[in-house]
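Residue numbers (our numbering), protein chains in the order written: chain A, 33 to 312; chain B, -1 to 319; chain C, 73 to 458.
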C-alpha cells in the first residue's frame, strides 16, 4: 500500500470523527449562550444552567426529566444485566431446539424497529397487563426488555474466548456447578459485565420511543422526550443545557466504570474493547 | 485452549463432557435454569405484546371512546381493516410511503457504507498509534444521546446556522437555503448522521478479526494492494458488512422521529412510522395502525430472517474454533 | 416448560371475554349526553396538597399565571402537553395519561369523554368566577347547563401572514386560494389537524358544511390538499405562532390566537408587530372553535382542579394569560377595544380578536360518526403520506 493511500483513508477517518463530534460540541457551546437563540451565539453565560427560571437548576420539569432518566437507566442496568448474563451463559451451554429458539427470540429485539416495540408494549400494558402501574414501572419494564439482548451479545462474545477448563478444574477440586460459576466464571466475565452495564446504561438513557409511548405525563418524561418536544414548541438553549448535563453525567459514569474495569482486570485476555463485541 | 469434547461436533464451548444420562440432564436443567428468567421475560414482554398487536389489528374499537378493543380469539378476528390497509399499501395511497421509507433507508445505508467502510477499515487495519484514540472517538457517539445529536444538527441547519454560513463562505449555493424545509436530503443525511456509529463499530469488529495471514499471503504471492483488497479483504468482510447493514436498516424503517425533528412536518418526507403514529395515537382506527405495523414487519421479515440465520451460523462457527 | 400455547390462548381469551363484557357496560352507561358515573365533589372541601396535573397544548398558558396560582395555594402545577386534539383524546381514553385538569377539550370530541365517563361534573360552588363568562358560553350546545365544562379560549381559523412580505390587499382578495399560490412555495404551512386541514379545502371550494359526510366532497378536499404537497412544499404543523414572527414561515393557515401570541412573545427584539397580518372571511363563514376546561373523573386533586379553573376565569388573570398566549378568553369586558386600549393587542391585529358577531356566525365542528371520522382520517392520511 502506498503512503498516499494511507493518507486518503486517514483523512476520511479524521474528517468523519470531526463531522461526528463537532455538531455536539457546538450544541454544548450554545448551551452557554447568553441569548435565547439556539443558532446564533452571543456571549458566554451560565444562564441556562443556573439563573434563568427555565434553567436546569431552577426548572422542576427539567430536573424531573433528568432524575427520571437516571433512575430508569440505573434500575434497567441492575435488572437487565443479571438477566442477560444468565441468558448468555445458559444459552451457550444448553443445547437443543428450545435453546436455539430462545436464542432467536433474544436476537429479535435487536432488529425490531423501536416503534414496533413501543407500540406493542403500549398495547400490552393497556390491554393485558393492566395491573402494572403505568409510567415509571412500565417504562422500566420496556427498557429492560430491549436492552437485555445487548448484554447477551457482549457476554457471549467474551464467553467464547474463555474456555471451560477453569470451571472444570474447580469442579474437579470439588466445587459445585454454582460455586464454579460464581467463583471462577463470573470474575472472568468481569470486563464483559462491566461493558454490559455501560451499554445498558447508555442505551436506556438514549431511549426515546419506548419512554415516549409509555409515559403518563410530565412526571414520567425523560430527557430525550424533553429534547424531542423542542421540535414542536418554542425552545431556548435550556434544552441544550439539559442535554449537556446528561452527556457529562454519562461520560463521567462511563469513565468511572472504565477506570474501575482497568483496576479490577486481572487477566489481560480479550479484545481491545468489549464494546466492539457488540458485533456478531 | 480448545476444550476437549467427545460429544457431537456442534457442541458449544463449555459443555462439560459427561458420562451418564442423569448428569447430562442435571447439567441441561442447570443451564436452562440460568437462561430461564431472561427467556420468560422476553416471552412476557416481547412475544405477548406481539400477539397484542395482532389482536388489536384484527379487533374492534370501543364504540364510545374509540379505543382499541382487541380480539384475543383468532376465531373472532375481523380482517376488514387489514384488507383495507393492504389495499391502500398495494396500489393505493399508502404504497409510496413504504417505497419512500425503503428508499431513504437504502440511501442512508449507502451513505453509511461509503463513509463508514473506509473509516472502519482504516481504524481496524491501518491505524496503529492512533487506533486507541480513534476507537474511543468512534465509541463516543454511543454515549451521546441520539436526540442530542439531532438537536445539534438542527441547530446547525437553521437558516442562520453554521451550515449555511460555511456554505456561504465557500460560495456554494445561496448561503441561505432553508434546510429544515422538508426535503429528502436533510432527512437522509440526518439518518446517516444518526445511525452511522451503529454501523461502524460492528464493521470495525468484523474487519479487525480478519486473519492478517490471509492478506499477507496474498501480498507474498505478488498481488498488489488494490488487488488484495478487492479479492481478499472485501469478500471476507461481506458478512460483517451485511450484519452491520441489517443492524441499522431495520430500525431505520420504523423511524418516525428523525424526520419529524428535522422538518417542519412535511408530507414529502413522510415515513411509515409517521403513519403508524398517526393512526395509533390520534385516530378512531387503531386497527389500521396495528395493521400497518404488521405489514411493516412482514416487509422486514426477510431481512430479519437473514440476520437470524447468519448469526446462528457464525455462532456455530465460532464455537467450533 | 411453562405455559403451552393453547393454555395461553385460553387464558387470554378468558381475559378478553372479561374485557369484552366490561365494555358494553361502559357503553350502556353513556348513551345520552350528560350522564356520567361520577358525582361532583362535595362543597367546602379544602384543596389537596398537589401537585396539580394539567393537560393542554404546549405554550398554552402564561407561566406567570400558573406561578401566581402556585403561590396562592402553595402547590406545584405539572403541565403535560400534546400535539393534537385527537392525540389528547386517545391518551385520555385509554388511560395513558394521568391528569386532573384537561384544558383544551374541544366540543366535537367532548361527547366521547362525557359519555365514556372520563369527566366529573363540576361543582360551581368552587367556581365563583364563572359569573365572568360571556353569556353566550354559559349554556353551550355541547354541554347544556355547563355541567362538565367551562370555556377556556375562543378562536377562529384563518390565515396568518407576514404583512411586510405579502400585500394585505392581495390576501384580502384571494382569501383561501392564496394558500395554493405557488409564489409562496416553501414558506407556507397548514395546521396539523385532520379536521382543520380538510375543512380548509372544503371552505375554499365553497362548501360550508364542515361536518359533511358527503364522500365526494371529502375526496375532492383530499385531492385539493394533495396539490399543496409538491406545488407549495407545504409544511404541516402547529408552530405558526413562532414560525411567522421568526420569519421561517410567511403564510399559514392558523388560529387567531397564534398571531397574537406571536406578536407578544415571539417577535425578535426590535421588530414591530405591524409585520404580522391576519385574515378571516369577512362574511363570517369560517371556523370558530373554543377550548374548554374540564376535570377528569379520576382526578386525584379535584378541588385544586376546580380552583385552577376558577383562577383562570378571574378577569385579571385571564387578561394576563391572554397577554402571553394570545387566545381570547370568553370573559366579559375583554373585547378588541379594551384589549387594544390596554396595549395588549396591536391595532393591525384587531381582526384576530373575535367579535360577538363572529362568535355567533362562525361554523362549528361537531362530532362525527365513526364511519365518517374514518373517512376524514383516511383522507388526511392520504394527504400527509405525501
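C-beta atoms are modelled at their ideal positions from N, C-alpha and C, and glycine is treated no differently. Being a predicted model, the structure only gives us computed values, none of them experimental.
Check	Outcome
Take residue 285 of chain A and list the residues in its own chain whose beta-carbon comes closer than 7 Å to its own, dropping the five residues that flank it on each side.	233
Could you please tell me which residues of the stretch 243 to 257 of chain A, in chain order, have their CB closer than 7 Å to any CB of chain C?	248, 249, 250 and 251
Which residue marks the beginning of the alpha helix (DSSP H) containing residue 382 of chain C, and which one marks its end?	374 to 385
Within a Cβ cutoff of 7 Å, which residues of the same chain sit near residue 440 of chain C, ignoring the five residues on either side of it in sequence?	283 and 448
Is residue 167 of chain A close to chain C, meaning its C-beta is less than 9 Å from at least one C-beta of that chain?	yes
Taking 9 Å as the CB-CB limit, is residue 186 of chain A close to chain B?	no
To which residues of the same chain is residue 458 of chain C closer than 6 Å at the C-beta, ignoring the five residues directly before and after it?	301
Measuring CB atoms only, is the stretch 288 to 295 of chain A touching the stretch 276 to 295 of chain B, in the sense that at least three cross pairs come out at less than 8 Å?	no
Work out the CA separation of residue 128 of chain A and residue 23 of chain A for me, nearest whole Å.	Nothing about residue 23 of chain A can be reported from this structure: the residues present for chain A run from 33 to 312 only.
Residue 209 of chain B and residue 305 of chain C look like a contact to me (Cβ under 8 Å); what is the Cβ gap, rounded to whole Å?	Contact doesn't hold; Cβ gap of about 52 Å is too wide.
Which of the three DSSP states is assigned to residue 362 of chain C in this structure?	strand
For residue 383 of chain C, count the other beta carbons within 10 Å of its own beta carbon; 16 or more makes it buried, fewer makes it exposed. Which is it?	buried
Could one say the Cβ of residue 25 of chain B lies closer than 9 Å to chain C's Cβ atoms, at least one of them?	no
Taking the alpha helix (DSSP H) that residue 104 of chain B belongs to, which residues open and close that run?	93 to 119
Taking only beta carbons into account, state which residues of the stretch 130 to 159 of chain B come closer than 7 Å to chain A, listed in chain order.	132, 133, 135, 137, 138, 139, 140, 141, 142, 143, 144, 145, 146, 147, 149, 150, 151, 153, 154, 156, 158 and 159
Within this structure, are the beta carbons of residue 113 of chain A and residue 225 of chain A separated by less than 9 Å?	yes
Can you tell me where the beta strand (DSSP E) with residue 223 of chain C in it begins and where it stops?	222 to 234
May I ask which residues mark the beginning and end of the alpha helix (DSSP H) holding residue 160 of chain B?	160 to 167
If you draw a straight line from the alpha carbon of residue 248 of chain C to that of residue 302 of chain B, how long is it in whole angstroms?	48 Å
Would you tell me roughly how many angstroms separate the C-alpha atoms of residue 141 of chain C and residue 201 of chain C, rounded to the nearest one?	15 Å
Could you list which residues in chain A have their beta carbon closer than 9 Å to that of residue 167 of chain C, in chain order?	158, 162, 166 and 248
Which residues in chain A sit within 8 Å of residue 148 of chain C, going by Cβ to Cβ distance?	92
What is the rounded straight-line gap between the Cα of residue 299 of chain C and the Cα of residue 57 of chain B?	35 Å
For chain C, check one thing: does any of its Cβ atoms lie closer than 9 Å to the Cβ of residue 331 of chain A?	For chain A, the structure presents residues 33 to 312; residue 331 of chain A sits outside this window and is missing.
Compare the C-beta of residue 72 of chain B with all C-beta atoms of chain A and state if any pair is closer than 9 Å.	no
To the nearest angstrom, how far is it from the Cα of residue 401 of chain C to the Cα of residue 211 of chain C?	16 Å
What residues from chain A crowd round residue 30 of chain B, counting only those whose CB sits closer than 7 Å?	122 and 126
According to the neighbour-count rule (16 or more other Cβ atoms, all chains shown, within 10 Å of its Cβ), is residue 126 of chain A buried or exposed?	buried
So what's residue 107 of chain C in DSSP terms, helix, strand or just coil?	Low confidence applies to residue 107 of chain C: its pLDDT is 43, below 50, so where it sits in the model is not reliable, and the reading given next is rough at best. If DSSP states are grouped into helix, strand and coil, residue 107 of chain C belongs with coil.
Between residue 306 of chain B and chain A, is the shortest Cβ-Cβ distance under 9 Å, so that the two count as touching?	yes
Step through the CB atoms of chain B and report whether any lies within less than 9 Å of the CB of residue 386 of chain C.	no
When the Cβ atoms of the stretch 250 to 270 of chain A are set against those of the stretch 186 to 203 of chain A, are three or more pairs found closer than 8 Å?	no
If I measure Cβ to Cβ from residue 293 of chain C and keep anything under 6 Å in the same chain, skipping five residues before and after, which residues do I get?	270, 273 and 274
Go ahead and label residue 127 of chain B buried or exposed: buried means 16 or more other beta carbons lie within 10 angstroms of its beta carbon, across all protein chains shown.	exposed
The alpha helix (DSSP H) that contains residue 120 of chain A, what's its start and end?	92 to 125
Examine chain C for any beta-carbon lying closer than 9 Å to the beta-carbon of residue 223 of chain A, and answer yes or no.	no
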